[in-house]
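Enquirer: Numbering (mature numbering (1 follows the signal peptide of the UniProt record, and there is no 0)), first residue to last: -19 to -1, 1 to 1102. Don't be surprised by glycine CBs; every beta carbon is placed ideally from N, CA and C. Starting off with a structure, shown below.
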């Protein structure tokens, strides 16, 4: 079996170099995590396989040792132990056929998390509970389980936090609670179990009844299983005042000393056996005015074995006697002249009936009575039972008489107490802690208004199950043996411990200890073990607990091989993988004990920087960062010879040849000198002596020169290099640029390889050479003649070595300034002709016309004249000429001449007509360069002008009813501007013609008509009578009408035309006579016997004759004129 394991590791190493031959399908069929430290892996059998290998590594955590397994070809599944809980592993499955890897498959798997532990569990109400638990690495969520301890109920909720509430529970019920940690791989181990009791629900209702003016009686129905109730009283109209509270085991409570006319809220809660009240039921009560009632009461004090009996006074009574009768007929009594007295020496566990006898001349015993019970006697035979798994303690005793409920109490070694209240003769203590010793006592409590105890029984002692061990660690003892030491902190309550460890090769180890450590011997090297620990006392054991993974001492590396690299002063070692190894260290040691090392996670390593000409002893060891393995087999390795020294090089600039000298450290062989330039080129020379020469070096290079010795078995490393510069290269990309404003020429070039200093030479065909020297890549040459063409060349130098000259270039100098500039102007074109004399070095000319505000126009010509267009009217221009060369350099501008352009068309033109005088006033703004102005008024039948040098004029004698257009133009001595845009002027309309009137006599309505003069005129007709009152109407047509003319009047009618600005003269007057007025005061006088009638009336305005008409009924009308 050991041979198969070794063979499988060898196959794993071979797979690193033979994996390219892997083919086929060897998928892992399933991976599950049965527990926090295990993965169960299955795969299908692969045809032709001789064995398999599994490699499990924690993802992104190289500090954890990998788990590697070799398996036979008949195996198709494996339970892998010793894994980290809640960790993601990369699982590599390899199929081998002897030395070759046939197939490789990868899968990512996840172990389930370790167990979380409940740290807090308590009922929050009658239907819910709150919980807290510990955090577990690798857990995504936690599943809280709540199960009925004594009834069938199962609930669970999943949380992503470390606390939560469980709702929907049954009231007053016992639950066993635990939690599972969870992730994508499944559920972890079940936690410790905690037991909780939900609180008791409140009574279904509460009733408040008045007893007296200052007291009420509160009653409520019984709640099953409740021993004690809490009654509280809240005064509604007093905020910030704590309520009054009473605890009672009865189903009724009298509340005295109430204030009159006050609103109260009464609350009743059920209390469980641990005196924890649940949610209350409430009722409201309003107190009444004070009234008196007759009653008997007794207040029993169990602490004094005495009862105080009270009653209402009876009119006429001189004294009272209270008699208490026990069940067996024994009586006790007290007598007083008041309304209360005390009865003492009452027995335990008895029931007394109290009657009051009123004493006067005779004795009368009351028909009413009051019954009360005395405190019970202490319980007998207390016993305890402890359940190891949940740490629940059941405490029981014999029942006692006259007992309302029992109070059981536990006290641990630290004095921490816990109480249990019950109606029954047993209690379940669920809040006990592990690893503690508890004393249990019980007392009976009286059911009356006082909660009196009978006194406690003698204590009964029991110990709970031990706690889980903490801080459990396992490590190899001294890293030198096959022994593992497991250590832990003492677990409270534990008397002994059992430790077991399981590996991946069906190997198991265990040890037992009464202390805090134990040793497991004969442990194999290179193992990852799952470690479990259990604590015991004399009665109980803890759940088995998973501890941290144990790492045994790494195995010694095997099959070490050594290969040295001649000339590199290094040695490479390779080996087989060692189980449980995280890092390997390879060492090379000289006889003087000096050491060189290398470190790696792979199965090979190169030890560098060894001394030349030495023999080293080499070996390998492995480590898991906790322990180191022993050394592997030792080997010997020889390094290469030492390199030549004292290398020197000399440069012959004239011949362009380098000569190299050196000293050898070993005799024999030959030497090679290597000259490497900066561009990767290499020149060399070989010799058996100590010098050689290399011709035809590249210009501008700095050569890195080394020498190596060539021996039969190995070459030395290159010597220490020396640097040697070659001849500088000729400068490239020479350019010359002339500063057009100063005439200075700037010469520039690219940096020459190897060049330190430069000389630029400048000359023309007719002038002397000019030089400039610099260490930069440019220089300036001044005092050159305008209009000439210069030649330029540059040389580079380093020390006494000088390059050949650069390629020759030519540069044109600035052209000379033009002379003889003149201008000529034409009218109406906006352009000017410019001419000049030619100048040296000019290839083109630009004529510029510049205004005083800086705006300019220009023209360009290769000759000696051009025309500048688009000049602005009314401006003064300075005109000059600039000469330009082919290198875009221009001369200074020539001497300028002034140019005055023709005047602009006048702006700001306006006109105003005087309607009464038929005169027009004309205005405009002055135009620059203008000498005089011409204003023109033109209509279809008239033309008027004025010629002035000012900014306006007046024109008279305008015709009526005319539309005039006004324009103005400006002139200088030779040119006139274009006329301004026309402005329209309208003169006053002429008098209206052909006026006529039409009068409607019946209504005295007048219509006036006339001839239309122009379509744009409006007309107003006026009618004036002698009384001075005028009527009028208006129209844009040829007629209008007027209403309301007076009867019997004469009206003068005229018509006036208007054009909006001016009104014309009135038309000639036309006279209109309105209809006469109606005669007034008409009377008739019959002449008796003559058959005639005389009519008379007052004269009417405007009448010239009258007609009188007489009509008789049924007769013919008679008329007189």
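1. Taking its Cβ as the centre, do 16 or more other Cβ atoms sit within 10 Å of residue 119, making it buried, or is it exposed?
2. Report the rounded CA-to-CA distance for residue 608 versus residue 535, giving the unit in angstroms.
3. Please state whether DSSP places residue 460 in a helix, a strand or coil.
4. Any contact of the segment 327 to 335 with the segment 363 to 375, i.e. 3+ C-beta pairs under 8 Å?
5. Looking at residue 1055 and residue 1027, is the spacing between their C-beta atoms short of 8 Å?
6. Checking 8 Å against the spacing of the C-beta atoms, do residue 659 and residue 683 come in under that value?
7. By the 10 Å Cβ neighbour count, where 16 or more other Cβ atoms means buried, how is residue 686 classified, buried or exposed?
8. Give the single residue among 53, 248, 631 whose Cα lies nearest to the Cα of residue 79.
9. Could I get the ranges of all uninterrupted beta strand (DSSP E) runs contained in the segment 184 to 268, with 3 residues as the minimum, in chain order?
10. Out of 1063, 747, 754, which has the shortest C-alpha to C-alpha gap to residue 737?
11. Counting pairs of Cβ atoms below 8 Å between the segment 21 to 28 and the segment 461 to 474, do you hit three or more?
12. Closest to residue 1105 by CA distance: which of 420, 369, 370 is it?
13. Do you know how far the Cα of residue 304 is from the Cα of residue 313?
14. Measure the C-alpha to C-alpha separation of residue 447 and residue 140 and round it to an integer number of angstroms.
15. Assign residue 12 to buried or exposed, taking buried as 16 or more other Cβ atoms, counted over all protein chains shown, within 10 Å of its Cβ.
16. In angstroms with no decimal places, state the Cα-to-Cα distance between residue 178 and residue 192.
17. For the beta strand (DSSP E) that contains residue 367, what are its first and last residues?
18. What is the DSSP secondary structure of residue 1154, counted as helix, strand or coil?
19. Roughly how many angstroms separate the alpha carbons of residue 744 and residue 770, rounded to a whole number?
20. Based on the DSSP output, what are the partners of residue 944 in its beta bridges?
21. Between the C-alpha atoms of residue 796 and residue 866, what's the straight-line distance to the nearest angstrom?
22. Using only the alpha-carbon positions, how far apart do residue 415 and residue 375 sit?
23. Where are the beta strand (DSSP E) runs, 3 residues long or more, that stay fully inside the segment 843 to 928, in chain order?
24. Residues in its own chain within less than 7 Å of residue 849 by CB, not counting five upstream and five downstream?
25. Report the rounded CA-to-CA distance for residue 75 versus residue 558, giving the unit in angstroms.
26. Please give me, in chain order, every unbroken run of the beta strand (DSSP E) with length at least 3 that falls completely inside the segment 30 to 82.
27. Look up residue 132 in the DSSP assignment and say whether it is helix, strand or coil.
28. Distance cutoff 8 Å, beta carbons only. Does residue 257 sit that close to anything in chain D?
29. Residue 383 and residue 357: beta carbons closer than 8 Å?
30. When DSSP builds the beta bridges, which residues end up paired with residue 1185?
31. Could you check the C-alpha separation between residue 950 and residue 959 for me, to the nearest Å?
32. Between which two residues does the beta strand (DSSP E) holding residue 598 run?
33. Are the CB atoms of residue 599 and residue 569 nearer to each other than 8 Å?
34. Using alpha carbons as the reference points, say which of 634, 615, 643 lies closest to residue 628.
35. Mind checking who residue 792 pairs with in its DSSP beta bridge?
36. Between the beta-carbon of residue 603 and the beta-carbon of residue 588, is there less than 8 Å?
Expert: A quick look at the data gives this:
1. Buried.
2. Residue 608 and residue 535 have their C-alpha atoms roughly 7 Å apart.
3. Reduced to three states, the DSSP call for residue 460 is helix.
4. The answer is no - the segment 363 to 375 does not touch the segment 327 to 335, with fewer than three Cβ pairs under 8 Å.
5. Their beta carbons are under 8 Å apart, which means residue 1027 touches residue 1055 by this criterion.
6. For the pair residue 659 and residue 683, the CB atoms are nearer than the 8 Å cut-off.
7. Burial call: buried.
8. Comparing Cα-Cα distances from residue 79 to each of 53, 248, 631, the minimum goes to 53.
9. The beta strand (DSSP E) runs of length 3 or more contained entirely in the segment 184 to 268 are, from start to end of the chain, 188 to 193, 196 to 200, 209 to 216, 225 to 229, 233 to 236, 244 to 252, 262 to 267.
10. The shortest CA-to-CA distance from residue 737 to any of 1063, 747, 754 is the one to 754.
11. Segments in contact, no.
12. Only positions -19 to 1102 of the chain appear in the structure, and residue 1105 is not among them; the question remains open.
13. Between the C-alpha atoms of residue 313 and residue 304 there is a straight-line separation of about 6 Å.
14. Cα to Cα, residue 447 sits roughly 29 Å from residue 140.
15. Its Cβ being crowded by 16 or more others within 10 Å, residue 12 is buried.
16. Taking the straight line from one Cα to the other gives about 38 Å.
17. Segment 364 to 368, the beta strand (DSSP E) holding residue 367.
18. The question about residue 1154 has no answer, for the chain in this structure spans -19 to 1102.
19. When rounded, the distance between both Cα atoms is 9 Å.
20. Paired residues: 967.
21. The C-alpha of residue 866 is placed about 6 Å away from the C-alpha of residue 796.
22. A straight-line Cα-Cα distance of about 15 Å links residue 415 and residue 375.
23. As far as the segment 843 to 928 is concerned, its whole beta strand (DSSP E) runs of at least 3 residues are 846 to 849, 857 to 865, 878 to 881, 891 to 895, 900 to 904, 913 to 919.
24. For residue 849, where only same-chain residues beyond five positions count, the Cβ hits under 7 Å are 812, 813, 815, 828, 830, 838, 839, 840.
25. Going from the Cα of residue 75 to the Cα of residue 558 covers about 15 Å.
26. Those beta strand (DSSP E) runs which fall completely within the segment 30 to 82 and span 3+ residues are 32 to 39, 48 to 53, 58 to 61, 69 to 78.
27. Reduced to three states, the DSSP call for residue 132 is coil.
28. Looking at the structure shown, chain D is missing, and only one protein chain is on hand.
29. The answer is yes: Cβ separation under 8 Å.
30. For residue 1185 there is no data in the structure shown, the boundaries of the chain being -19 and 1102.
31. If I take the Cα positions, the gap works out to 6 Å.
32. Judged by DSSP secondary structure, residue 598 falls within the beta strand (DSSP E) whose first and last residues are 596 to 604.
33. The answer is yes: Cβ separation under 8 Å.
34. Of the candidates 634, 615, 643, the one whose C-alpha sits nearest the C-alpha of residue 628 is 643.
35. According to DSSP, which records beta bridges pairwise, residue 792 is partnered with 771.
36. Taking 8 Å as the Cβ cut-off, residue 603 and residue 588 do not qualify as a contacting pair.
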